[in-house]
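Residues 14 to 69 in this note's numbering are what the sequence shown spells out, letter by letter. We put the beta carbon where it would ideally sit given N, CA and C, even for glycine. As the structure is a computational prediction, the values presented were derived from the model and not from experiment. To keep things clear, I will list the structure first and then write my remarks on it.
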Amino acid sequence: MTAQLFPKPPKRMRQPTKEQLRDQVATVTEENIRLRAEIDHLRRPWWWRLFHRKAA
């Protein structure tokens with residue numbers, strides 16, 4: 014058992030710095046842009062690529 018009658022409450026987690034939050038927002042924004050592009054690509058009809066193919 015512990016020697017303390019009333020144990021100390023757990024320490025609170027420190028708030029992230031502004032730089033860490035900015036980096037996190039930038040990362041999430043890049044992922045969001047990538048996923049939106051992928052969704053747009055998947056929503057296109059199957060013939061879209063054939064119709065818009067460049068003549069070689």
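Cα-Cα separation between residue i and residue j, rounded to whole angstroms
i     : j     : result
ASP53 : LYS21 : 53 Å
TRP60 : ARG66 : 10 Å
ARG35 : LEU18 : 43 Å
ILE46 : ALA39 : 11 Å
GLU43 : LYS31 : 18 Å
DSSP-derived helix/strand/coil call for residue i
i     : result
LYS31 : helix
LEU63 : helix
GLN17 : coil
ARG9  : Lying outside 14 to 69, the shown extent of the chain, residue 9 is not represented and no answer is given.
ARG47 : helix
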